[in-house]
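Undergrad: First residue of the sequence shown: 1, per the UniProt record's numbering; consecutive thereafter.
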Amino acid sequence: MKTFKCDCKDHQILFFESSTCIACERLVGLDDNFDNVEPYDLDETIGQYFKAAEPDVRYQKCDNHANYKTCTGMVNLNTFVPVEGEDEVLCFACRFNETIPDLSIVEHIPLWKKMEVAKRRALYTLKSMKLPLETIAQNPDSGLSFDFTTDRDVNDHFASTLKNQEAVFTGHDCGHITINLAEADEVARSHTKLAMGEKYRTLLGHFRHELGHYYFDKLIAGSPQKHALCKQYFGDDELSYKDAMDKHYKDGAPENWRDSYISEYATMHAYEDWAETWSHYMHIMDTLETAKNFSITGSTIGNAEETEEVEDLTLPQDAYFFSAQTSITNILDTWTDFAIILNSLNRSMGMSDAYPFVLTQPVRTKLAFIHHAIHDRLNRMPNLMVETENS
1 MKTFKCDCKD
11 HQILFFESST
21 CIACERLVGL
31 DDNFDNVEPY
41 DLDETIGQYF
51 KAAEPDVRYQ
61 KCDNHANYKT
71 CTGMVNLNTF
81 VPVEGEDEVL
91 CFACRFNETI
101 PDLSIVEHIP
111 LWKKMEVAKR
121 RALYTLKSMK
131 LPLETIAQNP
141 DSGLSFDFTT
151 DRDVNDHFAS
161 TLKNQEAVFT
171 GHDCGHITIN
181 LAEADEVARS
191 HTKLAMGEKY
201 RTLLGHFRHE
211 LGHYYFDKLI
221 AGSPQKHALC
231 KQYFGDDELS
241 YKDAMDKHYK
251 DGAPENWRDS
261 YISEYATMHA
271 YEDWAETWSH
281 YMHIMDTLET
291 AKNFSITGST
301 IGNAEETEEV
311 EDLTLPQDAY
321 FFSAQTSITN
331 ILDTWTDFAI
341 ILNSLNRSMG
351 MSDAYPFVLT
361 QPVRTKLAFI
371 HHAIHDRLNR
381 MPNLMVETEN
391 S
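1) Return the first residue and the last residue of the beta strand (DSSP E) that S42 is part of.
2) State the Cα-Cα distance for the pair K2 and I284, rounded to the nearest angstrom.
3) Between E116 and chain D, is any beta-carbon pair separated by less than 8 Å?
4) Alpha carbon to alpha carbon, how far is D151 from G235? Give it in angstroms, no decimals.
5) Going by C-alpha distance, which of A324, E289, S323, Q361 is nearest Y261?
6) Could you tell me how far apart the beta carbons of N210 and N155 are, in whole angstroms, since I believe they sit closer than 8 Å?
7) E186 by DSSP, collapsed to three states: which one?
8) In or out: S18 buried (at least 16 other Cβ within 10 Å) or exposed?
9) So, for T161: in the same chain, excluding its five sequence neighbours on each side, which residues have a beta-carbon less than 7 Å away from its beta-carbon?
10) Which whole-angstrom value describes the C-beta separation of Y241 and H269, a residue pair presumed to lie in contact below a C-beta threshold of 8 Å?
11) Kindly identify the DSSP beta-bridge partner or partners of E54.
12) Quick one: using the 10 Å Cβ neighbour count with 16 as the cut-off for buried, is P140 buried or exposed?
13) Here's the rule: buried if 16 or more other CB atoms are within 10 angstroms of the residue's CB, otherwise exposed. What is M282?
14) In the DSSP assignment, find the beta strand (DSSP E) that holds L27 and state where it starts and stops.
15) Measuring straight from C-alpha to C-alpha, what distance separates S327 and I220?
16) So T277 is in the alpha helix (DSSP H); what residue range does that whole segment cover?
17) Go ahead and pull the three-state DSSP assignment for E17.
18) For A373, which residues of its own chain have a beta-carbon under 6 Å away from its beta-carbon, when the five flanking residues on both sides are left out?
19) Helix, strand or coil, according to DSSP, for Y124 in the structure here?
20) Considering only residues of the same chain and omitting the five flanking positions on each side of T267, which have a CB-CB separation below 6 Å?
21) Short check: CB of Y271 to CB of K366, under 8 Å?
22) Could you pull the start and end residues of the beta strand (DSSP E) that M74 belongs to?
23) If you compare alpha carbons, which of A354, H371, K5, Q325 is closest to L126?
24) Can you tell me whether I179 is buried or exposed? The criterion is at least 16 other CB atoms within 10 Å of its CB, across all chains shown.
Take a look at the structure:
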């Protein structure tokens, strides 16, 4: 994630989630270009907002921003086209929502806000990579949509099921992603994490995993050539998913799973291996961009007594960070070094490792496949194994 700054005299740093500048106290938000966090001034005579650099372009807070403070979206009124038959004024990110939580239960609102924060961060990375990103209003056949709902009671951290409520499972189905609201509750998610024996379970991770399923359909499934190539690296995704799931939850992951998979869940089925690898690629890219923009430096290899000076951590160039010109070998080598720094910082704070995973050679190759699939360069796959093994 990039760092942003206010245009006030203090040039205050703005975070992706910021809603006000703490220095000048102006409203801060994301407009429909979804590429910059910046301040807005209010024209009190008409109740509309504008940017100082573009006073003639008028903005309005997204309805979810104005009414519930669950997002920071600003809507460009000069270009906004409402969905036919609806009178909502929704920002870029909120237009992807099909179902939001039951807001008559006020305890749902802060959890919904957490869902929106994670969703916006996931969408930001996808948009930066110039991946196809359309709502179902824009593309009824293969657009993206989200359901945020639950089948359990928020008042006991989602331990009790609600009466007359169908079960809600987090998952993906033909472009439609469902995230159970319970995943936004720290207690409920921690209980599930412990019960499943997981080292890592986050709300953002859920979004990236399910989006991985969506982009498998968008980037791979529609091309027989790409699909056949994908099977060589991830396995046959057309094998029975139910049989694979039953076996996984009965027998667990194989003992040597770490040799070839990024996580135990990835061993269940080729479809899940793709989605888990996709989500890790997104974790890596977003975190490295954040490190680059905060100018984090350091040395992770060798004894300090043997090193005359501390070298800067080499990160991909800003201009090409999300482009095909960025070497996947450079990205993965950099990440291997930086993950040591990241984990060491967490340990200094008495916390668990931020990234408790190992990138073995087979995992690096799968991550490289994701990289080339995103940039439509799978024609380079014959050289991919050599490229990653020589790193």
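Quick reminder that beta carbons are idealized off the backbone N, C-alpha and C, glycines included.
TA: To lay it out plainly:
1) The count along the sequence shown starts at 1 and reaches residue 42 at position 42. Rather than Ser, the amino acid found at residue 42 in this sequence is Leu. Run containing L42: 37-43, per the beta strand (DSSP E) assignment.
2) Position 2 of the sequence shown, counted from the start, is the residue given in the question as residue 2. Position 284 of the sequence shown, counted from the start, is the residue given in the question as residue 284. Rounded to the nearest angstrom, the two C-alpha atoms are 14 Å apart.
3) Of the protein chains in this structure there is only one, and it is not chain D.
4) For the purposes of this step, residue 235 is taken as the residue at position 235 of the sequence shown. For the purposes of this step, residue 151 is taken as the residue at position 151 of the sequence shown. Spanning the two alpha carbons is a distance of roughly 34 Å.
5) For the purposes of this step, residue 261 is taken as the residue at position 261 of the sequence shown. When only C-alpha atoms are compared, the closest one is Q361.
6) Walking along the sequence shown from the start, residue 210 turns up at place 210. Walking along the sequence shown from the start, residue 155 turns up at place 155. One detail in the question is off: residue 210 reads as Glu in this sequence, not Asn. No, E210 and N155 are not in contact; Cβ-Cβ is about 27 Å, not under 8 Å.
7) The residue labelled residue 186 in the question sits at position 186 within the sequence shown. Of the three classes helix, strand and coil, the one that applies to E186 here is helix, per DSSP.
8) Within the sequence shown, numbered from 1, the residue matching residue 18 stands at position 18. Answer is buried; the Cβ neighbour count reaches 16.
9) Reading the sequence shown from its first residue, position 161 is the one you call residue 161. Same-chain partners within the cutoff: D151, R152.
10) Here the question's residue 241 lines up with position 241 in the sequence shown. Here the question's residue 269 lines up with position 269 in the sequence shown. So it is a contact: roughly 6 Å between Cβ atoms.
11) One-based indexing of the sequence shown puts residue 54 at position 54. DSSP lists K51 as partners of E54.
12) One-based indexing of the sequence shown puts residue 140 at position 140. When all chains shown are included, P140 counts as exposed.
13) Here residue 282 is taken as the residue at index 282 of the sequence shown, counted from 1. M282 is buried by the Cβ-count criterion.
14) The residue labelled residue 27 in the question sits at position 27 within the sequence shown. Unbroken beta strand (DSSP E) run through L27: 27-30.
15) Numbered from its first residue, the sequence shown carries residue 327 at position 327. Numbered from its first residue, the sequence shown carries residue 220 at position 220. One C-alpha to the other measures close to 21 Å.
16) Within the sequence shown, residue 277 is the residue found at index 277, counting from 1. Segment 270-293, the alpha helix (DSSP H) holding T277.
17) As a first step, residue 17 must be located in the sequence shown, where it is residue number 17. Three-state result, E17: coil.
18) Here residue 373 refers to the residue found at position 373 when the sequence shown is read from its first residue. Result list for A373: L219, in chain order.
19) On the sequence shown, residue 124 is found 124 positions in, with the first residue counted as 1. Helix at Y124.
20) Stepping through the sequence shown from its first residue, residue 267 is reached at position 267. Same-chain partners within the cutoff: A253, W257, Y261.
21) Here the question's residue 271 lines up with position 271 in the sequence shown. Here the question's residue 366 lines up with position 366 in the sequence shown. The answer is no: Cβ separation not under 8 Å.
22) Locating residue 74 in the sequence shown gives position 74, where the first residue counts as 1. That run of the beta strand (DSSP E) goes 74-76.
23) Your numbering for residue 126 matches position 126 in the sequence shown. Considering only alpha carbons, the answer is H371.
24) Indexing the sequence shown from 1 puts residue 179 at position 179. The residue is buried, with at least 16 neighbouring Cβ atoms inside 10 Å.
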